[in-house]
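Reading the sequence shown from the start, the letters are residues -23 to -1, 1 to 542 in mature numbering (1 follows the signal peptide of the UniProt record, and there is no 0).
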Amino acid sequence: MTTFQSRAIFFVAALFTTIAACADPVCKDRTTEGSSSSASNRLPGVMYFNSKPKDSAQCSMRVVDGHLQVSAPISNPAMSCPDMAAWKLFADAVTQKFWENWAADQQTWPGQPLPICTSKGAANCCDPNTTNNPGYGDKANPAQNCPYFPGDHLSANAELPIRVAGPMSKAHLTSFAHGVNIKLLAADETGRDIRQSMSEIVFRNKPMFEYVFENDLYHQEGVQAVFNRNSANISGQSAGLPYRLKVQDGGLTEIDLPVDSVMIKSDWLSKKRAEKLGLHDDPANPYIKMTIDTRATDNNGNIQQPGEHWLVAMHISSKDTPNWLWATWEHVNNPGRCDYIGCNDSYGYSTPDKIAANQADNYTTPNYECDDLDLASWVFKPNGHYDGGQRSKGMAEVFAGLGIGMHESSAANPKNIEPSISDRGWLSYRLKGTQTEFTDTMGRPTHLANSVTEGGFVLSSSCVTCHARAGATAKGTIPLALGVFTNVANESGYLQSVSGAPDPNLFNADNQPPALTVLQTDFIWGFLTATCLNGAPFPCGSSTALRATAPTNKPRPSIRALIPH
């Protein structure tokens, strides 16, 4: 036997050993003649298109003087190193204490918004350049009338106010196909159960908050004005085609957030609900915990009460690219964390899968099993556990250099629990994947999904496509300009979301001039939270809406009330 033949035999043996270790070794057809033949697993061939490493081999970053720096020659990490860039966003957000300093939706879009001030010293209006706007003195609800950024008002020893969360956000409210028996729907998928009972807080950093406030976009009338200016230009009522109007203070014709804008969608489950669903606070992988008062009204009533909540999932999006960088994390112990599409992380943690020495270690494949039918097939095995994998040397150095996750959590006030930078719970989260484009280089639609926030439509989910449909009409963002879900249901009855490149005919009429039908709101569904000036009823701008109304403490409607479902 030649050396080449020996090596070939060794390679084949190693390959089959790897395959056997990764999958159930028995999946056989049982024919009527009593013989059997092994069923081939076709799913790995499908998953192959999800497994491509996202980061260049040259990607690296390090902590310098307490700040993360991307190493040369990388000049655009969001495009060349999206997974590393995602972890940088994660680390930066934690060190900035996003849960304490950043503005939530309720603080970006007030419930009873006053108009923006047009002159210095004006009363009953909101001034982006002052820290003493109407309502700021109300400790219970300082953002009732004007946008409020908490980080500008926290003293060194101030205790974090109990956060107020809402139910599942605007873009992700699915509905059942007609006639489907809810009791039969994917009962073994804990992610969907969590999704339908969790609380959500969306945080926005200072550049994003300031853009909304300074450009008068914190109420529906401000968004309407941008649509109308854009529409007038296209129709020839202003400068006319083919030119666009210059961006001027107070006169936007498009919504285009600053490149340093970052938003975080954090999803929390109350301790009681978590334990009821079979989740436990694993000492080896503790949850990040926070006291949350979820007074928002859901279609199912008030589903939560004030108390301890566990962070189960989070999305981070940044304007590092025109289409934004999209990244999603889950707690390592979430059941079904890598189901259906797998998990892909080129930077933070290697796959726990048993792979060959010459295989890339970025991808964790979904769990499979044999369906044990007479004509057998390999199928997904949902709701199982996935090991967390090995933390990379670079990731470990980043966490250590920034002091993230170095100590056990300690609650100074058990009645008002808040995270800390050093909380070891931050080490319990795994990157599910990132997304920067609508399609890959071969034209296939890209997908990104979280088993919690996209539970029920993981296979069709695309963050970038979903958010590209966020828009406004001449009436503002209410009623909803474009939906997220298609008129197609999966086998369980959940409607599926859209993916791939957007349809341009949804935004402009297919004629000349190309009349504006939907103004994109720069991938931000949060504008759905905006209300009419002075809290007037919809439709904004009517004689009823323009009439000043007395502020009330009436709770704001759930976002679910605004979305067909």
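Glycine residues also receive a C-beta, built at the ideal position from the N, C-alpha and C atoms.
### Task
Could you round the C-beta distance between Ile394 and Glu252 to whole angstroms and report it? I think they count as a contact, below 8 Å.
Here residue 394 refers to the residue found at position 417 when the sequence shown is read from its first residue. Here residue 252 refers to the residue found at position 275 when the sequence shown is read from its first residue. Between Glu252 and Ile394 the Cβ distance is about 16 Å, and since that is not below 8 Å, they are no contact.
Straight-line Cα distance separating Ser212 from Phe180:
Reading the sequence shown from its first residue, position 203 is the one you call residue 180. Reading the sequence shown from its first residue, position 235 is the one you call residue 212. Between Phe180 and Ser212, the C-alpha separation is close to 37 Å.
- Could you tell me which of Ala466, Pro59, Gly448 and Cys517 sits nearest to Leu483, measuring between CA atoms? Taking the sequence shown and counting its residues from 1, one reaches residue 483 at position 506. Measuring from the Cα of Leu483, the nearest candidate turns out to be Gly448.
Could you give the residue range of the alpha helix (DSSP H) that holds Arg181? Counted from its first residue, the sequence shown places residue 181 at position 204. First-last for Arg181: Ser176 to Arg181, but that is the beta strand (DSSP E), not the alpha helix (DSSP H).
| request: Following the continuous alpha helix (DSSP H) through His444, name the residue where it begins and the one where it ends. | output: The residue you call residue 444 lines up with position 467 of the sequence shown. Taken as a continuous stretch (DSSP letters only), the alpha helix (DSSP H) holding His444 covers Cys440 to Ala445.
- Message: From the DSSP secondary-structure annotation, give me the bridge partner or partners of Thr341.
- Response: On the sequence shown, position 364 is the one that residue 341 refers to. Beta-bridge pairing links Thr341 to Cys320.
Any idea what DSSP makes of Ile211, helix, strand or coil? Within the sequence shown, the letter at position 234 stands for residue 211. Helix, per DSSP.
- Are there 16 or more other CB atoms within 10 angstroms of the CB of Ser17, so buried, or fewer, so exposed? Stepping through the sequence shown from its first residue, residue 17 is reached at position 40. Ser17 comes out exposed.
request  = Return yes when the Cβ of Ala55 is within less than 8 Å of the Cβ of Asp349, no when it is not.
outcome  = What you label residue 349 is simply residue 372 of the sequence shown in a count that begins at 1. What you label residue 55 is simply residue 78 of the sequence shown in a count that begins at 1. Not a contact, by the Cβ cut-off of 8 Å.
Spatial neighbours of Leu404 within its chain, please: CB distance less than 6 Å, with the 5 preceding and 5 following residues excluded, ordered by chain position. For this step, residue 404 is matched to residue 427 along the sequence shown. Correct list, in chain order: Gly382.
In angstroms with no decimal places, state the Cα-to-Cα distance between Phe504 and Gly378. Translated into positions along the sequence shown, residue 504 becomes position 527. Translated into positions along the sequence shown, residue 378 becomes position 401. C-alpha separation (whole angstroms): 37 Å.
| query | Comparing alpha-carbon positions, which option in Glu177, Asn192, Gly325 and Pro491 lies nearest Leu246? | reply | Along the sequence shown, read from residue 1 onward, the residue named residue 246 stands at position 269. With distances taken between Cα atoms, Leu246 lies closest to Glu177.
_Integer Cβ distance of Glu307 from Arg407, believed to fall under 8 Å_ = To locate residue 307, count along the sequence shown from 1; it is residue 330. To locate residue 407, count along the sequence shown from 1; it is residue 430. Sure, about 6 Å apart at Cβ, within 8 Å.
task = Quick one: using the 10 Å Cβ neighbour count with 16 as the cut-off for buried, is Ala513 buried or exposed?
result = Start at 1 with the first residue of the sequence shown, and residue 513 comes out as number 536. Buried, since its Cβ has 16 or more Cβ neighbours within 10 Å.
- Could you give the distance in angstroms between the alpha-carbon of Lys97 and the alpha-carbon of Thr107? Sequence index remark: in the sequence shown, residue 97 carries index 120 (1-based). Sequence index remark: in the sequence shown, residue 107 carries index 130 (1-based). Those two C-alpha atoms are separated by around 10 Å.
Segment contact, 8 Å Cβ cut-off, at least three pairs: the stretch 231 to 244 with the stretch 488 to 505
yes
Just the Cα atoms here: how many angstroms apart are Pro479 and Val465?
-> Position 502 of the sequence shown, counting from 1, holds the residue named residue 479. Position 488 of the sequence shown, counting from 1, holds the residue named residue 465. Cα to Cα, Pro479 sits roughly 17 Å from Val465.
Rounding to the nearest angstrom, what Cα-Cα distance links Glu283 and Leu436 in this structure? Residue 283 sits at position 306 when you count from the first residue of the sequence shown. Residue 436 sits at position 459 when you count from the first residue of the sequence shown. For the record, residue 283 in the displayed sequence is Pro; it is not Glu. Each residue's alpha carbon lies about 34 Å from the other.
Practice problem: Measure the Cβ-Cβ separation of Met61 and Tyr324 and say whether it is below 8 Å. | Solution: Translated into the one-based positions of the sequence shown, residue 61 becomes position 84. Translated into the one-based positions of the sequence shown, residue 324 becomes position 347. Yes. Within cutoff.
Discussion item. Looking at Tyr260: is its Cβ nearer than 8 Å to the Cβ of Ser386?
Written reply: As a position in the sequence shown, residue 260 is number 283, starting the count at 1. As a position in the sequence shown, residue 386 is number 409, starting the count at 1. Checking the displayed sequence, the identity of residue 260 turns out to be Pro instead of Tyr. No, these two residues do not count as a Cβ contact at 8 Å.
Between which two residues does the alpha helix (DSSP H) holding Val475 run?
As a position in the sequence shown, residue 475 is number 498, starting the count at 1. Where Val475 is concerned, there is no enclosing alpha helix (DSSP H), given that its DSSP letter is neither H nor E.
- prompt: Could you give the residue range of the alpha helix (DSSP H) that holds Trp64?
  reply: Reading the sequence shown from its first residue, position 87 is the one you call residue 64. Its alpha helix (DSSP H) spans residues Pro59 to Thr72.
Where does Gly199 sit, in a helix, a strand or coil, going by DSSP?
For the purposes of this step, residue 199 is identified with residue 222 of the sequence shown, where counting begins at 1. Looking at Gly199 - three-state DSSP - the assignment turns out to be helix.
| request: Hey, could you find the ends of the alpha helix (DSSP H) Thr328 is sitting in? | output: As a first step, residue 328 is located in the sequence shown; it is residue number 351 there, counting from the start. Unbroken run through Thr328: none, as it is neither H nor E.
Limits of the unbroken alpha helix (DSSP H) element including Lys249: Position 272 of the sequence shown, counted from the start, is the residue given in the question as residue 249. Taken as a continuous stretch (DSSP letters only), the alpha helix (DSSP H) holding Lys249 covers Lys248 to Lys253.
Original post:
CA-CA distance, Ser57 and Asn300?
Top reply: Within the sequence shown, numbered from 1, the residue matching residue 57 stands at position 80. Within the sequence shown, numbered from 1, the residue matching residue 300 stands at position 323. Cα to Cα, Ser57 sits roughly 15 Å from Asn300.
For this session: Report buried or exposed for Thr95, applying the criterion of at least 16 other Cβ atoms within 10 angstroms of its Cβ.
Result: Start at 1 with the first residue of the sequence shown, and residue 95 comes out as number 118. By the neighbour-count rule (16 or more Cβ atoms within 10 Å), Thr95 is not buried but exposed.
Exercise for the section: Report the residue from Thr450, Phe515 and Ile293 whose alpha carbon sits nearest the alpha carbon of Val441. Expected result: Here residue 441 corresponds to residue number 464 of the sequence shown, with the count starting at 1. Nearest of Thr450, Phe515 and Ile293 to Val441, Cα basis: Ile293.
Assign Gly432 to buried or exposed, taking buried as 16 or more other Cβ atoms, counted over all protein chains shown, within 10 Å of its Cβ. As a first step, residue 432 must be located in the sequence shown, where it is residue number 455. Per the 10 Å Cβ criterion, buried.
As assigned by DSSP and simplified to three states, the class of Phe153
Start at 1 with the first residue of the sequence shown, and residue 153 comes out as number 176. In this prediction, Phe153 scores a pLDDT of 26, lower than 50, which makes its location untrustworthy; the coordinate-derived value is nonetheless stated afterwards. Reduced to three states, the DSSP call for Phe153 is strand.
Checklist entry - Are Gly365 and Val289 close, meaning C-beta to C-beta below 8 Å? => result For the purposes of this step, residue 365 is taken as residue 388 along the sequence shown, with counting starting at 1. For the purposes of this step, residue 289 is taken as residue 312 along the sequence shown, with counting starting at 1. Result no, Cβ atoms of Gly365 and Val289 do not sit closer than 8 Å.
Worksheet item: To which residues does DSSP link Arg407 through a beta bridge?
Response: Locating residue 407 in the sequence shown gives position 430, counting from the first residue. In DSSP, Arg407 forms a bridge with Glu307.
Review point. Taking C-alpha atoms, which residue in Gly477, Phe515 and Lys452 lies nearest to Val203?
Key: Within the sequence shown, the letter at position 226 stands for residue 203. Of the listed residues, the one whose Cα sits closest to Val203 is Lys452.
Tell me, which residues are paired with Lys242 by DSSP? Here residue 242 refers to the residue found at position 265 of the sequence shown. DSSP output for Lys242 lists Val179 and His292 as bridge partner(s).
| Do Met372 and Trp64 have their C-beta atoms closer together than 8 Å? | Here residue 372 corresponds to residue number 395 of the sequence shown, with the count starting at 1. Here residue 64 corresponds to residue number 87 of the sequence shown, with the count starting at 1. Yes, Cβ-Cβ distance for Met372 and Trp64 is below 8 Å.
Secondary structure of Lys370, DSSP reduced to three states: Sequence index remark: in the sequence shown, residue 370 carries index 393 (1-based). Of the three classes helix, strand and coil, the one that applies to Lys370 here is helix, per DSSP.
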